[in-house]
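Written below as structure tokens is the structure these notes are about.
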Amino acid sequence: MRHEVVNVLYTSKNTFASDNEPLRAIKGDAVDITLNIDRPYTPVLRRPAYPASPRAREALEKNIQELIKLGVIQKLGHNEEVKVKTPVIIAWHNDKKKMVGDFRALNTYTVLERYQIPRIQETLTQLSKAKYITSMDVLKGFHQTVLMPKAKRLLRIITHCGIYEYLRMAFGIKNAPSHYQRMMNTIFPT
Numbered sequence: 001m002r003h004e005v006v007n008v009l010y011t012s013k014n015t016f017a018s019d020n021e022p023l024r025a026i027k028g029d030a031v032d033i034t035l036n037i038d039r040p041y042t043p044v045l046r047r048p049a050y051p052a053s054p055r056a057r058e059a060l061e062k063n064i065q066e067l068i069k070l071g072v073i074q075k076l077g078h079n080e081e082v083k084v085k086t087p088v089i090i091a092w093h094n095d096k097k098k099m100v101g102d103f104r105a106l107n108t109y110t111v112l113e114r115y116q117i118p119r120i121q122e123t124l125t126q127l128s129k130a131k132y133i134t135s136m137d138v139l140k141g142f143h144q145t146v147l148m149p150k151a152k153r154l155l156r157i158i159t160h161c162g163i164y165e166y167l168r169m170a171f172g173i174k175n176a177p178s179h180y181q182r183m184m185n186t187i188f189p190t
């Protein structure tokens, strides 16, 4: 059995990503973000960058460079019209520094998309009779989710070093878990 698993992994090695290369996109439909625009939103969603300490600025710059290298964000030019820009913060967790967009204002205007996320009890019941169980993790899964052009224009962030646009799904977006679960159900149908 072990030999068969190793053989499958080896023959499928291009399927697996590493931290040293740009992220590939998970196959599937590009994600759109639908706004409920029955009320004006532009001034609320055009906010300045949050102040940051020198330590946070340094961490932010490293995060930005990593996301650019992975193909998750791109810097916007000075002539680009920007109607929506969201400030970011650095979240510190176990000595890891992660850039997080404050998408709360955008989320209040986003139309909620409902999609069933599996219940843990049902999943455990399905697994109870399994002979083998395996676990797979999609490296930076949200960041492998492609955005539609309209959604990219809404996922723009502002920092002390400029304005950037997400090319892939960002963490903190209202419907991101629903989109991601739909994509997982496409990849791993039950």
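Numbers 1 to 190, taken from full-length UniProt numbering, label the letters of the sequence shown in order.
C-beta atoms are modelled at their ideal positions from N, C-alpha and C, and glycine is treated no differently.
Distance between A176 and T110 (C-alpha atoms, nearest Å): Position 110 of the sequence shown, counted from the first residue, corresponds to residue 110. Position 176 of the sequence shown, counted from the first residue, corresponds to residue 176. Cα-Cα distance, rounded: 11 Å.
For residue 224, the three-state DSSP class (helix, strand or coil): In the structure displayed, the chain extends from 1 to 190; residue 224 sits before or after that span and is not available.
A91 CB to nearest chain C CB: under 8 Å? The displayed structure is made up of one protein chain only, and chain C is not part of it.
Which of helix, strand or coil does DSSP assign to K152? Along the sequence shown, one-based indexing puts residue 152 at 152. DSSP places K152 in helix when its eight states are reduced to three.
To the nearest whole angstrom, what separates the beta carbons of R47 and K85, a pair I think is in contact under 8 Å? Counted from its first residue, the sequence shown places residue 47 at position 47. Counted from its first residue, the sequence shown places residue 85 at position 85. That pair is a contact at about 6 Å.
Are the CB atoms of F103 and I173 nearer to each other than 8 Å? Counted from its first residue, the sequence shown places residue 103 at position 103. Counted from its first residue, the sequence shown places residue 173 at position 173. Contact flag set, yes.
Counting only the same chain and skipping the five closest in sequence on each side, list residues whose C-beta sits under 8 Å from that of I133. Here residue 133 refers to the residue found at position 133 when the sequence shown is read from its first residue. Hits under 8 Å: L127.
For the structure I just gave you, are there three or more beta carbon pairs, one from the stretch 77 to 91 and one from the stretch 138 to 151, closer than 8 Å? no
Among P22, V6 and N7, nearest to R168 - alpha-carbon criterion: For the purposes of this step, residue 168 is taken as residue 168 along the sequence shown, with counting starting at 1. Comparing Cα-Cα distances from R168 to each of P22, V6 and N7, the minimum goes to P22.
Use the C-beta contact count for A91: other C-beta atoms within 10 angstroms, 16 or more gives buried, fewer gives exposed. Residue 91 sits at position 91 when you count from the first residue of the sequence shown. Looking at its Cβ environment, which holds fewer than 16 other Cβ atoms inside 10 Å, A91 is exposed.
Please give me, in chain order, every unbroken run of the beta strand (DSSP E) with length at least 3 that falls completely inside the UniProt domain "Reverse transcriptase" (97 to 188). Along the length of the UniProt domain "Reverse transcriptase" (97 to 188), whole beta strand (DSSP E) runs at least 3 residues long occupy 156 to 159 and 162 to 166, reported in chain order.
L94 to M136 span [Cα, whole Å]: Here residue 94 refers to the residue found at position 94 when the sequence shown is read from its first residue. Here residue 136 refers to the residue found at position 136 when the sequence shown is read from its first residue. Contrary to the premise, residue 94 reads as Asn rather than Leu in this sequence. Distance between the alpha carbons of N94 and M136 is about 23 Å.
Using the Cα positions of N185 and I73, report the straight-line distance between them to the nearest angstrom. Residue mapping note: residue 185 aligns to position 185 of the sequence shown, counting from 1. Residue mapping note: residue 73 aligns to position 73 of the sequence shown, counting from 1. As the crow flies, the alpha-carbon of N185 is around 26 Å from that of I73.
With H3 as the anchor, note down where its alpha helix (DSSP H) starts and where it stops. By 1-based counting over the sequence shown, the position of residue 3 is 3. H3 -> alpha helix (DSSP H) spans R2 to T11.
Below 8 Å CB to CB, which residues in the same chain sit around R156 once its five sequence neighbours on both sides are set aside? Translated into positions along the sequence shown, residue 156 becomes position 156. Cβ neighbours of R156 beyond the five flanking positions: L76, V82, V84, K85, T86, I163, Y164, E165 and Y166.
Indicate the three-state DSSP secondary structure (helix, strand or coil) for A91 in the structure shown. Translated into the one-based positions of the sequence shown, residue 91 becomes position 91. In the structure shown, A91 sits in a strand (DSSP, three-state: E or B).
Secondary structure of K83, DSSP reduced to three states: Walking along the sequence shown from the start, residue 83 turns up at place 83. If DSSP states are grouped into helix, strand and coil, K83 belongs with coil.
Could you please give me the residues that DSSP links to Q74 through a beta bridge? Position 74 of the sequence shown, counting from 1, holds the residue named residue 74. DSSP links Q74 through a beta bridge to E165.
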